[in-house]
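Here the structure comes first, spelled out in structure tokens, and everything after it is commentary.
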Amino acid sequence: DARAVARGCTTIEELEAAVRAFEGCALKRTAKNTVFADGVPGAPLMIVGEAPGADEDRIGKPFVGVSGQLMDLMLEAIGRRRSESVYITNILFWRPPGNRTPTLAEQAICMAFTRRHIELAKPRVLVLAGGTAAKSVLDTTEGIMRLRGKWATLTLDDGSTVPALPTFHPAYLLRTPASKRQSWWDLLAIDKKLRELTPPA
Ligand code: URA
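With positions in the sequence shown counted from 1, the corresponding number in this note's numbering is that position plus 49.
Written out as structure tokens, the structure reads:
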């Protein structure tokens, strides 16, 4: 079972290998690729999105399509680059057919890996992109309109905690540009928290 497998992994490399070998999520059968993560493992900022889309499925990396391009621009606005100081993943490692919202069962299976992923990556700050990721990681039924912009504390199975900020998904911002204002506040809050928690060397 996913939980036991995830628990047995002691490094991110082992976890990635375990996810790639895992046959317990039916989405894997229709997906072209396993999409595990991108960026710098162990970076102070970790972003967790929803699920790979068509571009991510083709390329095998998270957030490489239009949503990802917007995410990169947003990160750049606070001086962060995925190649330098950000680690990015999704709550699902396989593209749901036709980009449908992953079922709660699919989310629950993959969440064992995602929780372990966060434990092993040890980010100072966690950002949850979109309602599906926020609800799933924080295990709540509250919607993104209520959750966004409010820091939560995620407690992991090893007892460690990490501040987590739900924010709008970039795909939502592409459809609803007026909401970019709130996302800008969220970016400023993320930048502030990172500065508080990672004093300059
Ligand atoms: N949307 C997501 O939530 N994740 C991706 O990787 C791409 C688009």
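Glycine included, C-beta positions come from ideal geometry on N, C-alpha and C.
These numbers were taken from a predicted model, which means no experiment stands behind them.
First through last residue of the alpha helix (DSSP H) which encompasses residue i
i, result
"A157", "153-170"
"I61", "61-70"
"T79", "76-79"
"A28", "Residue 28 falls outside the range modelled here, since the chain spans only 50 to 250, and no answer is possible."
"A103", "103-108"
"L122", "115-126"
"A182", "180-187"
6 Å CB neighbourhood of residue i in its chain, flanking five on each side removed
i, result
"K77", "W143"
"R173", "P93, L246, T247"
Boundaries (first-last residue) of the beta strand (DSSP E) holding residue i
i, result
"I137", "135-139"
"P212", "210-216"
"A227", "Taken as a continuous stretch (DSSP letters only), A227 belongs to no beta strand (DSSP E), as it is neither H nor E."
Cα-Cα separation, residue i to residue j
i, j, result
"L196", "A66", "33 Å"
"F217", "G180", "7 Å"
"V186", "P215", "10 Å"
"E105", "K229", "23 Å"
"D188", "L153", "11 Å"
"I193", "T59", "32 Å"
"R224", "V97", "20 Å"
"G147", "G198", "30 Å"
"V135", "T190", "28 Å"
Proximal residues to residue i (C-beta, below 8 Å), its chain only, five neighbours per side dropped
i, result
"R130", "D121, L124"
The ligand GTP heavy atom lying under 8 Å from the CB of residue i
i, result
"H218", "The ligand GTP is not part of this structure, which contains only the ligand URA."
Assumed close pair residue i, residue j - CB separation to whole angstroms, cut-off 8 Å
i, j, result
"G208", "I137", "Not confirmed; about 25 Å, so no contact."
"L169", "L64", "6 Å"
"P219", "S116", "4 Å"
Sequence-distant residues of the same chain with beta carbon closer than 7 Å to residue i, five excluded per side
i, result
"L236", "M123, A126, I127"
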